[in-house]
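Take a look at the structure below.
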Amino acid sequence: MQNPDKFTKEKNLTPIILAMKDLKELYEAVITGDAVTARSITEEALSGETDPLSLVSEHLTPAMDEIGRRFEASECFVPELLLSARAMKGAMELIQPRLLESGVELLGRVIVATVKGDLHDIGKNLVAAVLEGGGFEVIDMGVNVEPEKIVETIKEKDVQIVVLSALLTTTMPAMKTSIEAIEAAGVRDKVTILVGGAPVTQRFADEIGADGYSDSAVGAVAVARKAVGA
Amino acid sequence: MNGRERILALLEGREVDRLPLMPITMMFAADQIGANYRDYATDYRVMAEGQIFTAEKFDFDYVNTMSDPAREAADCGAVIEYFDNQPAAIVENQARLADKTDLASLKIPDPLGGGRMNNGINAVALMVEKVGKEKLVEGWIEGPCAEAADLRGINTLMLDFYDDPAFVRDLFEFIIEMELRFARAQIDAGADSIGLGDAAASLVGPQIYEEFVWPFEKKLIDGIHEMGALVRLHICGNTRPILGDMARLKCDIVDLDFLAPLEEGRKKMGPDQVLLGNIDPVRVMRNGNAELVTSTVAECHRQAGKRYIVGAGCEIPYDTPEENIQALHDYAASHRPDLDDS
Numbered sequence: 032m033q034n035p036d037k038f039t040k041e042k043n044l045t046p047i048i049l050a051m052k053d054l055k056e057l058y059e060a061v062i063t064g065d066a067v068t069a070r071s072i073t074e075e076a077l078s079g080e081t082d083p084l085s086l087v088s089e090h091l092t093p094a095m096d097e098i099g100r101r102f103e104a105s106e107c108f109v110p111e112l113l114l115s116a117r118a119m120k121g122a123m124e125l126i127q128p129r130l131l132e133s134g135v136e137l138l139g140r141v142i143v144a145t146v147k148g149d150l151h152d153i154g155k156n157l158v159a160a161v162l163e164g165g166g167f168e169v170i171d172m173g174v175n176v177e178p179e180k181i182v183e184t185i186k187e188k189d190v191q192i193v194v195l196s197a198l199l200t201t202t203m204p205a206m207k208t209s210i211e212a213i214e215a216a217g218v219r220d221k222v223t224i225l226v227g228g229a230p231v232t233q234r235f236a237d238e239i240g241a242d243g244y245s246d247s248a249v250g251a252v253a254v255a256r257k258a259v260g261a
Numbered sequence: 566m567n568g569r570e571r572i573l574a575l576l577e578g579r580e581v582d583r584l585p586l587m588p589i590t591m592m593f594a595a596d597q598i599g600a601n602y603r604d605y606a607t608d609y610r611v612m613a614e615g616q617i618f619t620a621e622k623f624d625f626d627y628v629n630t631m632s633d634p635a636r637e638a639a640d641c642g643a644v645i646e647y648f649d650n651q652p653a654a655i656v657e658n659q660a661r662l663a664d665k666t667d668l669a670s671l672k673i674p675d676p677l678g679g680g681r682m683n684n685g686i687n688a689v690a691l692m693v694e695k696v697g698k699e700k701l702v703e704g705w706i707e708g709p710c711a712e713a714a715d716l717r718g719i720n721t722l723m724l725d726f727y728d729d730p731a732f733v734r735d736l737f738e739f740i741i742e743m744e745l746r747f748a749r750a751q752i753d754a755g756a757d758s759i760g761l762g763d764a765a766a767s768l769v770g771p772q773i774y775e776e777f778v779w780p781f782e783k784k785l786i787d788g789i790h791e792m793g794a795l796v797r798l799h800i801c802g803n804t805r806p807i808l809g810d811m812a813r814l815k816c817d818i819v820d821l822d823f824l825a826p827l828e829e830g831r832k833k834m835g836p837d838q839v840l841l842g843n844i845d846p847v848r849v850m851r852n853g854n855a856e857l858v859t860s861t862v863a864e865c866h867r868q869a870g871k872r873y874i875v876g877a878g879c880e881i882p883y884d885t886p887e888e889n890i891q892a893l894h895d896y897a898a899s900h901r902p903d904l905d906d907s
């Protein structure tokens, strides 16, 4: 296949030709973490006839799935995963308003939060990135998140999945407190609650009444997809 | 043979009466004396009391001044949040070097300038005074990757490796200079050994580790050796992809987290490297029972062979049952390094 960049440069054609650029390059741009290219291809695609949802499902999600696979297999590491996530997010920022306009829904709406008292966020950020890349709408609530804030967001944003993260044995109990607050607010049945983080185990997840657990970011996507029947 | 003699003898390849015991305790030690963790991390007298009490109660062979990763960053002016019941943490969204250009004007803080590093140095001096003849006294510093993450924000640093590698190198240079001064002051205060914690180094993968992190870790370790102290390297997390490079650092003790099997460490690091670890701190030490601790440490010993020091993969959690620590001690106390001699 001809390289569209080369073609355009050589023939000095107008940028409109770029709209026809092979969208496979979007996949490659996310894989290589090239945020500038991912954004420009997405912009061009959206200015043409391309279906915004197909950009997500056919290019961004497969790219993040692939980078997640490489991460799990120790073929790439945190810097590369975060680079890909940044490229994917740049593209998503452009796509999301278009999805909203056309009333298209993603796989589900997910809250991701590091629980109260815990300031560690890199694990949470990796999970948020692969979930967003995996086709979910992610609301990243940050670190040290009060249970009440989680409850408020569930109510306001019609959330389907809550993902809680903790890195410390001392903050794991805040996962339980968060689940109790969700129960007390009467919204427990509305959401699937997933937990994770270095000291968290399946046994702990069961004890505190979480619906799912994963010991890896990529595993969290599989659990979340299962939760929404995708 | 006392604890200090035992560790030094093992490191020098001399005969020892039993396996040395060097688990990391921080919150557990504070709990032992009923102190809240904020005081433990900010008052060297509380830390020394907690460490000495715990080491004497469970017959550990050393005491250690690690409390959290934020001592150096605090003295650099980073925003730190302290907690009563968990280690101090750096507030990443207000990172000291959120603006990269601030590095140019950042001055290396004087370790003896009355800040948190000074507090750590005072802890070393007090421990040396109280138990320095019987127990090995270990100071603590952060490694280049961990400290860069503390100053810059870990998420940002991970992208900097690609976005601005020259900045990362400048930042690492600054850090190595600071850490060498901090180590110097701890050694002057009497520390036998410097623990080097480089947690974030396990996140970057072998290529970035070798190209960026390793040369700076090496410079730091060589510098500490030149000062006449021992070096214990501890990198939290899964270090399997970088074990071979870690071997070339020539640390006196390599302390492996539970995600990197000791067997693999032995294979990659050769027969002479002293390995320490690596019982799962949560699933075995905290959640398991004495029997599980005993069988796990026996397996660690089998995998590591005779150049081995007993310990967990990382900090022993505060609510670990005392009988599990006792089981760890009992294994060390009843076994010589060479399994055939035990």
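Protein chains in written order, with my numbering: chain A, 32 to 261; chain B, 566 to 907.
Quick reminder that beta carbons are idealized off the backbone N, C-alpha and C, glycines included.
Per DSSP, which residues does V581 of chain B bridge with? Please list them.
Position 16 of the second sequence, counting from 1, holds the residue named residue 581 of chain B. For V581 of chain B, which the question treats as bridged, DSSP gives no partner whatsoever.
Considering only the beta carbon of each residue, do V628 of chain B and E703 of chain B sit closer than 9 Å?
Here residue 628 of chain B corresponds to residue number 63 of the second sequence, with the count starting at 1. Here residue 703 of chain B corresponds to residue number 138 of the second sequence, with the count starting at 1. Taking 9 Å as the Cβ cut-off, V628 of chain B and E703 of chain B qualify as a contacting pair.
Taking three-plus beta-carbon pairs below 8 Å as touching, is the stretch 218–227 of chain A in contact with the stretch 172–192 of chain A?
yes
Taking beta-carbon pairs under 7 Å, can you tell me which members of the stretch 760–776 of chain B lie near chain A?
L768, V769, G770, I773
Less than 9 Å separating the beta-carbons of T208 of chain A and V146 of chain A?
Residue mapping note: residue 208 of chain A aligns to position 177 of the first sequence, counting from 1. Residue mapping note: residue 146 of chain A aligns to position 115 of the first sequence, counting from 1. A contact, by the Cβ cut-off of 9 Å.
T590 of chain B: which of B:F648, B:P902, B:D884, B:M723 sits nearest, CA to CA?
Residue 590 of chain B sits at position 25 when you count from the first residue of the second sequence. Among B:F648, B:P902, B:D884, B:M723, the Cα nearest to that of T590 of chain B is on B:D884.
Please decide whether V158 of chain A counts as near chain B, where near means a Cβ-Cβ distance under 9 Å.
By one-based count along the first sequence, residue 158 of chain A stands at place 127. Output row for V158 of chain A: interface = no.
What's the C-alpha gap between D837 of chain B and R872 of chain B?
Taking the second sequence and counting its residues from 1, one reaches residue 837 of chain B at position 272. Taking the second sequence and counting its residues from 1, one reaches residue 872 of chain B at position 307. Near 7 Å, if we compare the C-alpha coordinates of R872 of chain B and D837 of chain B.
Nearest by alpha-carbon distance to A750 of chain B: which of B:D649, B:G762, B:G793 is it?
In the second sequence, the residue the question calls residue 750 of chain B occupies position 185. The shortest Cα separation from A750 of chain B among B:D649, B:G762, B:G793 belongs to B:G793.
Does DSSP put V190 of chain A in a helix, in a strand, or in coil?
What you label residue 190 of chain A is simply residue 159 of the first sequence in a count that begins at 1. Three-state result, V190 of chain A: coil.
Looking at the secondary structure, which residues open and close the alpha helix (DSSP H) in which A144 of chain A lies?
In the first sequence, the residue the question calls residue 144 of chain A occupies position 113. Element bounds for A144 of chain A: not the alpha helix (DSSP H) but the beta strand (DSSP E), 140–146.
Does I153 of chain A get closer than 9 Å to chain B when you measure Cβ to Cβ?
In the first sequence, the residue the question calls residue 153 of chain A occupies position 122. Answer yes: the Cβ-Cβ gap between I153 of chain A and chain B drops below 9 Å somewhere.
Assuming G243 of chain A contacts A258 of chain A (C-beta within less than 8 Å), just tell me the rounded distance between them.
Translated into the one-based positions of the first sequence, residue 243 of chain A becomes position 212. Translated into the one-based positions of the first sequence, residue 258 of chain A becomes position 227. About 7 Å separates the beta carbon of G243 of chain A from that of A258 of chain A, a gap short enough to meet the 8 Å contact definition.
Can you check which of these residues, A:P230, A:E111, A:T232, is closest to G99 of chain A by C-alpha distance?
Counting from one through the first sequence, the residue named residue 99 of chain A turns up at place 68. Checking every option, the nearest Cα to that of G99 of chain A belongs to A:E111.
Where does G99 of chain A sit, in a helix, a strand or coil, going by DSSP?
Here residue 99 of chain A refers to the residue found at position 68 when the first sequence is read from its first residue. Helix.
Which ranges does the beta strand (DSSP E) cover as unbroken runs of at least 3 residues, wholly within the stretch 700–749 of chain B, from first to last along the chain?
701–707
Using the three-state DSSP reduction, which class does G809 of chain B fall into: helix, strand or coil?
On the second sequence, residue 809 of chain B is found 244 positions in, with the first residue counted as 1. Helix.
Give the C-beta separation of D286 of chain A and V174 of chain A to the nearest angstrom, bearing in mind that I take them to be a contact with Cβ-Cβ under 8 Å.
It is not possible to answer for residue 286 of chain A, since the shown part of chain A is limited to 32 through 261.
Does the Cβ-Cβ distance between N650 of chain B and Y609 of chain B come in under 9 Å?
Here residue 650 of chain B refers to the residue found at position 85 when the second sequence is read from its first residue. Here residue 609 of chain B refers to the residue found at position 44 when the second sequence is read from its first residue. For N650 of chain B and Y609 of chain B, no; Cβs fall outside 9 Å.
For D820 of chain B, which option in B:G835, B:R813, B:K832, B:V796 has the closest C-alpha, if you only look at C-alpha atoms?
To locate residue 820 of chain B, count along the second sequence from 1; it is residue 255. Of the candidates B:G835, B:R813, B:K832, B:V796, the one whose C-alpha sits nearest the C-alpha of D820 of chain B is B:V796.
Is V143 of chain A near A118 of chain A, with beta carbons less than 9 Å apart?
Within the first sequence, the letter at position 112 stands for residue 143 of chain A. Within the first sequence, the letter at position 87 stands for residue 118 of chain A. No, the pair does not count as a contact, with Cβ atoms beyond the cut-off.
Using the three-state DSSP reduction, which class does D895 of chain B fall into: helix, strand or coil?
The residue labelled residue 895 of chain B in the question sits at position 330 within the second sequence. Here D895 of chain B sits in helix by DSSP.
Check whether chain B comes within 9 Å of F108 of chain A, counting only Cβ atoms and requiring the distance to be less than that.
Within the first sequence, the letter at position 77 stands for residue 108 of chain A. By this cut-off, F108 of chain A is an interface position.
State the Cα-Cα distance for the pair E694 of chain B and F593 of chain B, rounded to the nearest angstrom.
On the second sequence, position 129 is the one that residue 694 of chain B refers to. On the second sequence, position 28 is the one that residue 593 of chain B refers to. Rounded to whole angstroms, the gap between the alpha carbons of E694 of chain B and F593 of chain B is 23 Å.
Just checking: is the beta-carbon of N567 of chain B within a distance shorter than 9 Å of some beta-carbon in chain A?
On the second sequence, position 2 is the one that residue 567 of chain B refers to. By this cut-off, N567 of chain B is not an interface position.
For my contact list, L150 of chain A and V656 of chain B are in at a C-beta cut-off of 8 Å; report their separation, rounded to the angstrom.
As a first step, residue 150 of chain A is located in the first sequence; it is residue number 119 there, counting from the start. As a first step, residue 656 of chain B is located in the second sequence; it is residue number 91 there, counting from the start. L150 of chain A to V656 of chain B, Cβ: 7 Å. Contact.
Under the three-state reduction of DSSP, which class applies to S758 of chain B: helix, strand or coil?
In the second sequence, the residue the question calls residue 758 of chain B occupies position 193. Correct three-state label for S758 of chain B: strand.
Going straight from the alpha carbon of E136 of chain A to that of S88 of chain A, what length do you get?
Counting from one through the first sequence, the residue named residue 136 of chain A turns up at place 105. Counting from one through the first sequence, the residue named residue 88 of chain A turns up at place 57. For E136 of chain A and S88 of chain A, the distance between alpha carbons rounds to 12 Å.
Counting only C-beta atoms, is L114 of chain A closer than 9 Å to chain B at any point?
Position 83 of the first sequence, counted from the first residue, corresponds to residue 114 of chain A. So, interface residue.
What is the C-beta distance between V176 of chain A and L225 of chain A, in whole angstroms, given that I count them as a contact (C-beta under 8 Å)?
Here residue 176 of chain A is taken as the residue at index 145 of the first sequence, counted from 1. Here residue 225 of chain A is taken as the residue at index 194 of the first sequence, counted from 1. Their Cβ separation, rounded to whole angstroms, is 15 Å, which puts V176 of chain A and L225 of chain A out of contact at 8 Å.
Name the residues in the stretch 575–600 of chain B whose C-beta lies less than 9 Å from a C-beta of chain A; which are they?
If you check each beta-carbon in the stretch 575–600 of chain B against every beta-carbon of chain A, the ones closer than 9 Å belong to M592.
Pick helix, strand or coil for M119 of chain A, following the three-state DSSP scheme.
As a first step, residue 119 of chain A must be located in the first sequence, where it is residue number 88. Here M119 of chain A sits in helix by DSSP.
Give me whichever residues DSSP pairs with L54 of chain A in a beta bridge.
What you label residue 54 of chain A is simply residue 23 of the first sequence in a count that begins at 1. According to DSSP, which records beta bridges pairwise, L54 of chain A is partnered with nothing at all.
Please report the straight-line C-alpha distance between N683 of chain B and P806 of chain B, rounded to a whole angstrom.
In the second sequence, residue 683 of chain B corresponds to position 118, counting from 1. In the second sequence, residue 806 of chain B corresponds to position 241, counting from 1. Answer to the nearest angstrom: the Cα atoms are 35 Å apart.
Which chain B residues sit within Cβ distance under 8 Å of R117 of chain A?
Counted from its first residue, the first sequence places residue 117 of chain A at position 86. By Cβ distance, chain B contributes L724.
In this structure, does DSSP put E888 of chain B in helix, strand or coil?
For this step, residue 888 of chain B is matched to residue 323 along the second sequence. In the structure shown, E888 of chain B sits in a helix (DSSP, three-state: H, G or I).
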